[in-house]
Amino acid sequence: MNTMTTPSWLLTPAPPRNARAVPGGVAYHRVLAGEKRRIGRGILAIVLLLAGLVIFPTVIGRALAPIDQRMGDTPPIIGGDDYTPLFHAGSMMSLALLIPWSMLIQRWLYGVPGASLHSVTSRFRFDLFGKALLVFGPVWAAVNLIGLLAPSTEVVWSHSDLVGIFVATLLLTPLQTTGEEYGVRGLMFRVIGSWTRSPRAGVVAGVLVSSVLFTAVHGSTDLYINIWYFVLWTCLAIITWRTGGLEIAIVLHAILNTGALLGASLLRVDLGGQLSDRSSGAGSPTLLVPALAVVVITAIIWWCTRTTGPVLSPPSSSGARREPFLVR
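Residues in the sequence shown are numbered consecutively from 509, following my numbering.
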């Protein structure tokens, strides 16, 4: 039987908030598991999450579009091709809304406090976040800069637009990626992981199904892009399971997207066209380099938790159910 012991460099355990609502001694993906599998409820949760992915960008984008039009631009949300700083900021903020939206869905459909999406301690572990940023951040950022070496077509950007894109990316892209992590590696991973009787089957189903769905949502028809996405999402889900929370996944995702967008703006790449092109032929074998890098990072984290297994929720003082056996 596994106990809540973890490598000191990964986590300093803290008492959870709302401990009575979170079962004790379970891995991250099993917090929503119960005596009943509640598949219908889980499907509704995923549908609501995906609806947020569509509705939030649409509503915010259309609300901001008249401002761009007054400035002589036509953003993509209303059929134009002017990728403006305002449109960019709205896109980032709309996905950041998945953080409270995911928490609300979990609370409404499962009665589990939204704060438990942070981690099995129901807290965002800033110490773990900081350590991951220092240990993995520089290497991960350097690896992903390789993508900027690929040939690209420069477009004309005004000085003010470049500054606006740069500032919006620096401030809001980390929130955008965090929203996606709370929605996919948080809520969706948990929902699917709760559908099985076995914790082992739950983690396999949660990792694979959430990764396939999120890869499909990106709508790419390119082989290399799809391989890259699937490997990345799979590794981030495994990292979330092993560490018992979203902190390291957030670090890696935020560095990836922020670095790519900052680099693209500095190189004056067409953000609305070339950078978002996921059609067949848009990818290249260079994408296998960051894919290999994230596999190595995942292997390091697995090795660091090899003797303890995944980080578990603290024992519940209310006598909540524990898993009959835990995944190693």
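Using N, Cα and C, we set each Cβ at its ideal position, and we do this for glycine too.
Here valine 692 carries a helix assignment [DSSP, helix/strand/coil]. Its chain contains His537, Phe697, Ile700 and Gly701 as the residues whose beta carbon lies nearer than 6 Å to that of glycine 714, once the 5 sequence neighbours on both sides are disregarded; these appear in chain order. Taking the Cβ atoms as the reference, arginine 776 lies roughly 6 Å from valine 663, within the contact range of under 8 Å. Fewer than three Cβ pairs drawn from the stretch 722 to 737 and the stretch 543 to 550 lie within less than 8 Å of each other, which leaves the two stretches out of contact. In the DSSP assignment, phenylalanine 722 falls within the alpha helix (DSSP H) that extends over 707 to 725. Closest by C-alpha distance to alanine 573, out of Gly587, Thr766 and Val562, is Gly587. The alpha helix (DSSP H) runs lying completely inside the stretch 758 to 806 and spanning 4 residues or more number zero.
Scanning its chain for C-beta atoms nearer than 7 Å, with the 5 sequence neighbours on each side dropped, one finds around methionine 611 the residues Gly622 and Leu625, in chain order. Secondary structure of glycine 598 (DSSP, three-state): helix.
Just so you know, the alpha carbons of glycine 542 and proline 584 end up roughly 44 Å apart. The beta-bridge partner set that DSSP reports for serine 627 consists of Gly753. Taking a cut-off of 8 Å for Cβ pairs, the stretch 564 to 572 and the stretch 735 to 747 do not touch, as fewer than three such pairs fall below it. Here valine 539 is actually not in contact with serine 718; their C-beta atoms are around 15 Å apart, not less than 8 Å. Counting every other CB atom within 10 Å of its CB across the protein chains shown gives proline 608 a total below 16, marking it as exposed.
The beta-carbon distance between leucine 744 and leucine 760, rounded to whole angstroms, is 7 Å. This is short enough to meet the 8 Å contact definition. Residue range 547 to 578 is occupied by the alpha helix (DSSP H) that includes isoleucine 575.
In the DSSP assignment, glutamate 543 forms no beta bridge with any residue.
Between tyrosine 690 and leucine 606, the C-beta spacing is below 8 Å. Excluding residues up to 5 positions away in sequence, Ala676 and Leu680 lie with their Cβ nearer than 7 Å to the Cβ of alanine 597 in the same chain.
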